[in-house]
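In what follows, a single structure is set out as structure tokens and then discussed.
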Amino acid sequence: EAQVTQNPRYLITVTGKKLTVTCSQNMNHEYMSWYRQDPGLGLRQIYYSMNVEVTDKGDVPEGYKVSRKEKRNFPLILESPSPNQTSLYFCASSLFGAGGPYEQYFGPGTRLTVT
Amino acid sequence: AQTVTQSQPEMSVQEAETVTLSCTYDTSESDYYLFWYKQPPSRQMILVIRQEAYKQQNATENRFSVNFQKAAKSFSLKISDSQLGDAAMYFCAYRSAGQGAQKLVFGQGTRLTINP
Numbered sequence: 001e002a003q004v005t006q007n008p009r010y011l012i013t014v015t016g017k018k019l020t021v022t023c024s025q026n027m028n029h030e031y032m033s034w035y036r037q038d039p040g041l042g043l044r045q046i047y048y049s050m051n052v053e054v055t056d057k058g059d060v061p062e063g064y065k066v067s068r069k070e071k072r073n074f075p076l077i078l079e080s081p082s083p084n085q086t087s088l089y090f091c092a093s094s095l096f097g098a099g100g101p102y103e104q105y106f107g108p109g110t111r112l113t114v115t
Numbered sequence: 001a002q003t004v005t006q007s008q009p010e011m012s013v014q015e016a017e018t019v020t021l022s023c024t025y026d027t028s029e030s031d032y033y034l035f036w037y038k039q040p041p042s043r044q045m046i047l048v049i050r051q052e053a054y055k056q057q058n059a060t061e062n063r064f065s066v067n068f069q070k071a072a073k074s075f076s077l078k079i080s081d082s083q084l085g086d087a088a089m090y091f092c093a094y095r096s097a098g099q100g101a102q103k104l105v106f107g108q109g110t111r112l113t114i115n116p
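Chains as they are written, first to last, in my numbering: chain A, 1 to 115; chain B, 1 to 116.
Written out as structure tokens, the structure reads:
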């Protein structure tokens with residue numbers, strides 16, 4: 001089954017404790033992205049990757065890191081989480097290139113609470 | 001930068017009736033794509049319908065259709081014969097076909113309630 005998986009689905013942590021949210025897709029997609037969803041703001045892009053070892057900032061990258069060492073995986077790293085990073089996080093993937101719009105497939109979301 | 005605005009934070013409709021969700025966007029581009037996503041309580045993001053800006057014909061998918069007004073930069077979603085399963089948060093989204101194609105720009109969302 002074609003899918004994007006995220007782990008964990010729920011996480012409660014404390015300020016300053018490093019954490020990683022994993023994202024994996026099995027569709028051989030070049031493009032992957034992280035979004036955060038906050039009430040009244042919709043979804044905003046954090047980082048994206050066009051292919052292995054190619055990543056770039058989205059609209060709200062502060063406090064986050066990513067890496068793309070393998071095509072299928074795109075982990076989101078919070079080196080020192082703060083309460084303003086409490087949010088719902090989505091990973092997405094799609095094909096990319098001329099001939100779009102390729103549908104973005106979303107993971108199930110990760111609910112993060114930083115106390 | 002492109003922006004997407006959904007001016008209706010909440011909407012409600014009687015089951016079997018028709019409801020229209022509004023979306024406007026701001027862009028200087030001529031080629032782009034527009035989407036409506038549904039987010040039920042499960043939080044999963046589900047693509048409902050898409051529209052290519054170069055196509056004049058409005059997209060339809062079963063009970064879902066759009067009214068795409070390119071000059072007015074408006075992209076509303078009409079749900080006909082509303083069902084209880086349509087209750088969800090709905091997001092309008094924009095994607096450039098050129099520079100900036102690497103991201104979806106989302107509106108704030110409209111929470112739709114279906115009254116039985």
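Glycine residues also receive a C-beta, built at the ideal position from the N, C-alpha and C atoms. Quick caveat: nothing in here was measured; it's all calculated off a predicted structure.
Query - Spatial distance of Pro40/B from Met89/B (CA atoms) - result: Pro40/B and Met89/B: Cα-Cα distance of roughly 6 Å.
Query raised in the report: Can at least three beta-carbon pairs, one atom from the stretch 81 to 93 of chain A and one from the stretch 18 to 38 of chain A, be found at a separation below 8 Å?
Result: yes
Requested in this report: Have a look at Arg95/B and Thr20/A and give me their C-alpha separation to the nearest angstrom.
Outcome: Taking the straight line from one Cα to the other gives about 28 Å.
Requested in this report: Report the residue ranges of all beta strand (DSSP E) runs contained in full by the stretch 46 to 72 of chain A; include only those spanning at least 3 residues, in chain order.
Outcome: Fully enclosed beta strand (DSSP E) runs of 3 or longer: 54 to 57.
Query - the stretch 39 to 48 of chain A touching the stretch 22 to 34 of chain B, judged by at least three CB pairs closer than 8 Å - result: Judged by Cβ distances under 8 Å, the stretch 39 to 48 of chain A makes no contact with the stretch 22 to 34 of chain B, as fewer than three pairs qualify.
Query raised in the report: Which chain B residues are close to Gln85/A, counting only those with a beta carbon under 9 Å from its beta carbon?
Result: Chain B residues near Gln85/A: none, gap ~18 Å exceeds 9 Å.
Query raised in the report: Taking C-beta to C-beta, are Ile117/B and Leu21/B nearer than 9 Å?
Result: Residue numbering for chain B in the displayed model covers 1 to 116; residue 117/B lies beyond these limits and cannot be assessed.
Query raised in the report: Based on the DSSP output, what are the partners of Val114/A in its beta bridges?
Result: Thr13/A
Query raised in the report: chain B partners of Glu103/A, CB-CB under 8 Å?
Result: The answer, in chain order, is Leu47 and Arg50.
Query raised in the report: Between the Cα of Arg68/A and the Cα atoms of Ser82/A, Met50/A and Gly107/A, which residue gives the shortest distance?
Result: Met50/A
Query raised in the report: Among Val54/A, Glu30/A, Val52/A and Pro8/A, which has the Cα closest to the Cα of Phe96/A?
Result: Glu30/A
Query raised in the report: Is the shortest distance between the beta-carbon of Ser24/A and the beta-carbons of chain B less than 9 Å?
Result: Not an interface residue.
Requested in this report: Under 8 Å by Cβ, that's how I've got Phe106/B and Val13/B pegged, so tell me the actual separation to the nearest angstrom.
Outcome: About 22 Å; that fails the 8 Å criterion.
Query raised in the report: What residues of chain B sit near Phe90/A, judged by a beta carbon separation below 9 Å?
Result: Arg43 and Met45
Query raised in the report: Does Met50/A have its Cβ less than 9 Å from a Cβ in chain B?
Result: yes
Requested in this report: Check each candidate in Val19/B, Gln99/B, Phe75/B and Pro9/B and name the one with the smallest Cα separation from Glu29/B.
Outcome: Gln99/B
Query raised in the report: Do Ser82/A and Gly58/A have their C-beta atoms closer together than 9 Å?
Result: no
Requested in this report: Alpha carbon to alpha carbon, how far is Arg9/A from Arg111/A? Give it in angstroms, no decimals.
Outcome: 6 Å
Requested in this report: Can you have a look at Asp81/B and say buried or exposed, based on whether 16 or more other CB atoms are within 10 angstroms of its CB?
Outcome: By the 10 Å Cβ count, Asp81/B comes out exposed.
Query raised in the report: Using a Cβ-Cβ distance under 9 Å, would Gly109/B count as near chain A?
Result: yes
Query raised in the report: Is the CB of Ala101/B under 9 Å away from at least one CB in chain A?
Result: yes
Report task. Please look up how many angstroms separate the CB atoms of Phe64/B and Leu84/B, rounded, as I've assumed it's under 8 Å. Result -> That belief does not hold up - the Cβ atoms of Phe64/B and Leu84/B are roughly 16 Å apart, past 8 Å.
Query raised in the report: Is Lys18/A closer than 9 Å to Leu78/A when the C-beta atoms are compared?
Result: yes
Query raised in the report: Alpha carbon to alpha carbon, what distance is there between Ser80/A and Ser74/B?
Result: 41 Å
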